[in-house]
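Chains as they are written, first to last, in UniProt numbering: chain E, 1 to 213; chain Z, 1 to 443.
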């Protein structure tokens, strides 16, 4: 099970750490930020404001052999008028496409986001479909079977989630972590370009070398 | 769109995106619009390659250039000084997290018909053919003086007041000859012409310090270049603005800037009107409020080989000082390649540019083109250099200047910082962003 807040192995040793860039996609107000907030901080706010000020979060998931560190990019609202920059997709190794099970339009839009990913992102990207707000089952309009069939056809991971109750939130990130290839070439968040990140008081060494050592 | 904003920003070129980011960070409610369906305006990187060919109405030969999507071709060539203003802005705003860079491998300068590497350390300086043995000693003394000179400590000035004496006098103090002056003023201080010689020495001293501090950061050269091209920079700052609440609309025509009593009140797109107190824009959105002050010629060249005599460098800059070729302004050659994910494997993009001085601008860049070896494809374009005629104090419309012919982003950043100050009445406070936007790493 994914353990929050530490990259320490259960037996006390530090495993191989692989870093991956994960992007969130989906219509406004389907709960993208809430899912991340639940996953990263274990919190939920009923009246979460539109995304402000937190668009770059990291969280680790421990697997048998490796520790997967997600570098999570939120849309920062740029999806609202279809103004996401190519930079957003660049080097993304995983994506969660979110819809709201109580809103059919958001599911339709989710399928176009999947197409957008297939067009813009790396061909090897791992995509998960999340039917969020599963706690609102009495208002459901998108059937579980419909979404599951779509996911299967397109080779996507699929779960219904609830950021409110935490249902399947850790599990969907864990499923992605398991599916991601963990070799030298891939485990390097967003850094397919192999350049260096700039930091203050920079030393001589690049700060983003291969993470899988 | 039909809401009220503190400011509306028009155009997503680098300057407008930095401004948008700074304004959002400062708590302003921002609407940021571009008439194009892509980010970057003039400072975009064109992709795929097919797009570049069609922009210049040239038929692209099939199967010659690899995959078109592997290309990201800048329209305006520039490098970042590793210790310059743009790097400071990137680090302080956290935008650097979205980007990766590579050091430019070498910097060259043109002298008497051939190019020489700008030395980066004692070893290279000793073997350099740029100057004779005695001149090297004098030049070394000059550099040591510049390094030790502290602006706020007159004792370190060694009886030369850098504020009240010209650069010409400083050159005389160290008896540097004309060739060394050329090299110093153009390849190190990166002046575009010789106006600096009669100006206060401190201007040039600061620039030489910037060069050497930048060089000290990564070693190979003072220049950095972002992976996937310069077009990543505006996208990064746009994201910063969005994170702080900025609203983005691409592919949105701008039909009218609405004025009342000489002051801006909003922007109209079709039937929609967004209200605002201020507008920030590039010159193309307000043709009536700008004047043409010059022209810049730029030539994009696709090459299947590195530049001859650069030790097969995958990226480089060559400066042709004006005097060497009897001009008033320098010619710049910048080269990037597949290693920056801006070209298909094995390909290089060279850009030759200068400020236009004659009626035959293409001939003016010939000295640069001649250095490149065989050129597979050439795209030449000439753009007007526009400046605002209105300083915005009444109208509250703040207009940036076009991108100049300099090879780096220092003037770009100075323009942005000065616009920010004009519009808000205060200097940008870097501390506003630095601590709030922590990495939020939960480890």
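Cβ coordinates follow ideal geometry from the N, Cα and C atoms, glycine included.
Give me the residue from the options with the minimum Cα distance to residue i.
{"i": "residue 263(Z)", "options": "22(Z), 117(Z), 250(Z) and 396(Z)", "result": "396(Z)"}
{"i": "residue 350(Z)", "options": "188(Z), 72(Z) and 404(Z)", "result": "72(Z)"}
{"i": "residue 30(E)", "options": "163(E), 39(E) and 90(E)", "result": "163(E)"}
{"i": "residue 422(Z)", "options": "406(Z), 407(Z) and 391(Z)", "result": "391(Z)"}
{"i": "residue 403(Z)", "options": "283(Z), 260(Z) and 319(Z)", "result": "283(Z)"}
{"i": "residue 113(E)", "options": "90(E), 181(E), 148(E) and 96(E)", "result": "96(E)"}
{"i": "residue 346(Z)", "options": "274(Z), 67(Z) and 12(Z)", "result": "67(Z)"}
{"i": "residue 192(Z)", "options": "418(Z), 419(Z), 411(Z) and 416(Z)", "result": "411(Z)"}
{"i": "residue 230(Z)", "options": "43(Z), 39(Z) and 19(Z)", "result": "43(Z)"}
{"i": "residue 25(E)", "options": "94(E), 180(E), 166(E) and 143(E)", "result": "94(E)"}
{"i": "residue 261(Z)", "options": "129(Z), 394(Z) and 415(Z)", "result": "394(Z)"}
{"i": "residue 166(Z)", "options": "253(Z), 185(Z) and 214(Z)", "result": "185(Z)"}
{"i": "residue 330(Z)", "options": "367(Z), 416(Z) and 429(Z)", "result": "367(Z)"}
{"i": "residue 40(Z)", "options": "16(Z), 62(Z), 49(Z) and 51(Z)", "result": "16(Z)"}
Within 8 angstroms of any Cβ in chain E, is that where the Cβ of residue i sits?
{"i": "residue 96(Z)", "result": "yes"}
{"i": "residue 443(Z)", "result": "With a pLDDT of 30 at residue 443(Z), under the threshold of 50, the modelled position of this residue cannot be trusted, and the question is left open."}
{"i": "residue 6(Z)", "result": "no"}
{"i": "residue 102(Z)", "result": "yes"}
{"i": "residue 3(Z)", "result": "no"}
{"i": "residue 268(Z)", "result": "no"}
{"i": "residue 236(Z)", "result": "yes"}
{"i": "residue 348(Z)", "result": "no"}
{"i": "residue 227(Z)", "result": "yes"}
{"i": "residue 81(Z)", "result": "no"}
{"i": "residue 248(Z)", "result": "yes"}
{"i": "residue 201(Z)", "result": "no"}
{"i": "residue 35(Z)", "result": "no"}
So what does residue i bridge to, in DSSP terms?
{"i": "residue 59(E)", "result": "70(E)"}
{"i": "residue 281(Z)", "result": "10(Z) and 399(Z)"}
{"i": "residue 132(E)", "result": "100(E)"}
{"i": "residue 74(Z)", "result": "45(Z)"}
{"i": "residue 317(Z)", "result": "107(Z) and 334(Z)"}
{"i": "residue 249(Z)", "result": "33(Z)"}
{"i": "residue 22(E)", "result": "72(E) and 94(E)"}
{"i": "residue 154(Z)", "result": "Answer is none; residue 154(Z) lacks a bridge partner."}
{"i": "residue 302(Z)", "result": "349(Z) and 377(Z)"}
{"i": "residue 388(Z)", "result": "290(Z)"}
{"i": "residue 223(Z)", "result": "81(Z)"}
{"i": "residue 354(Z)", "result": "297(Z) and 331(Z)"}
{"i": "residue 408(Z)", "result": "79(Z)"}
{"i": "residue 157(E)", "result": "128(E)"}
{"i": "residue 56(Z)", "result": "Answer by DSSP bridge pairing: none, since residue 56(Z) is not bridged."}
{"i": "residue 273(Z)", "result": "268(Z)"}
Can the beta-carbon of residue i be found closer than 8 angstroms to that of residue j?
{"i": "residue 139(E)", "j": "residue 63(E)", "result": "no"}
{"i": "residue 321(Z)", "j": "residue 313(Z)", "result": "no"}
{"i": "residue 136(E)", "j": "residue 102(E)", "result": "yes"}
{"i": "residue 79(E)", "j": "residue 21(E)", "result": "no"}
{"i": "residue 142(Z)", "j": "residue 131(Z)", "result": "no"}
{"i": "residue 385(Z)", "j": "residue 295(Z)", "result": "yes"}
{"i": "residue 92(Z)", "j": "residue 241(Z)", "result": "no"}
{"i": "residue 58(E)", "j": "residue 68(E)", "result": "no"}
{"i": "residue 238(Z)", "j": "residue 5(Z)", "result": "no"}
{"i": "residue 365(Z)", "j": "residue 289(Z)", "result": "no"}
{"i": "residue 337(Z)", "j": "residue 343(Z)", "result": "yes"}
{"i": "residue 303(Z)", "j": "residue 353(Z)", "result": "no"}
{"i": "residue 12(Z)", "j": "residue 234(Z)", "result": "yes"}
{"i": "residue 279(Z)", "j": "residue 10(Z)", "result": "yes"}
I'd like to know if residue i contacts chain Z, where contact means its C-beta is closer than 8 angstroms to some C-beta of that chain.
{"i": "residue 121(E)", "result": "no"}
{"i": "residue 197(E)", "result": "yes"}
{"i": "residue 76(E)", "result": "yes"}
{"i": "residue 19(E)", "result": "no"}
{"i": "residue 177(E)", "result": "no"}
{"i": "residue 81(E)", "result": "yes"}
{"i": "residue 90(E)", "result": "yes"}
With a cut-off of 8 angstroms on the beta carbons, I'd call residue i and residue j a contact; round off their distance for me.
{"i": "residue 99(Z)", "j": "residue 222(Z)", "result": "Their Cβ separation, rounded to whole angstroms, is 18 angstroms, which puts residue 99(Z) and residue 222(Z) out of contact at 8 angstroms."}
{"i": "residue 134(E)", "j": "residue 157(E)", "result": "That pair is no contact at about 15 angstroms."}
{"i": "residue 447(Z)", "j": "residue 1(Z)", "result": "In the structure as shown, chain Z starts at 1 and stops at 443, and residue 447(Z) therefore has no counterpart that could be examined."}
{"i": "residue 298(Z)", "j": "residue 77(Z)", "result": "7 angstroms"}
{"i": "residue 79(Z)", "j": "residue 355(Z)", "result": "That belief does not hold up - the Cβ atoms of residue 79(Z) and residue 355(Z) are roughly 18 angstroms apart, past 8 angstroms."}
{"i": "residue 56(Z)", "j": "residue 409(Z)", "result": "That belief does not hold up - the Cβ atoms of residue 56(Z) and residue 409(Z) are roughly 25 angstroms apart, past 8 angstroms."}
{"i": "residue 197(E)", "j": "residue 96(Z)", "result": "6 angstroms"}
{"i": "residue 81(E)", "j": "residue 142(E)", "result": "In fact, because the Cβ distance is near 24 angstroms, the residues do not count as touching under 8 angstroms."}
{"i": "residue 144(E)", "j": "residue 160(E)", "result": "6 angstroms"}
{"i": "residue 316(Z)", "j": "residue 113(Z)", "result": "At roughly 18 angstroms, the Cβ-Cβ gap does not stay under 8 angstroms, so residue 316(Z) and residue 113(Z) are not in contact."}
{"i": "residue 173(E)", "j": "residue 44(E)", "result": "Not really, about 16 angstroms apart at Cβ, beyond 8 angstroms."}
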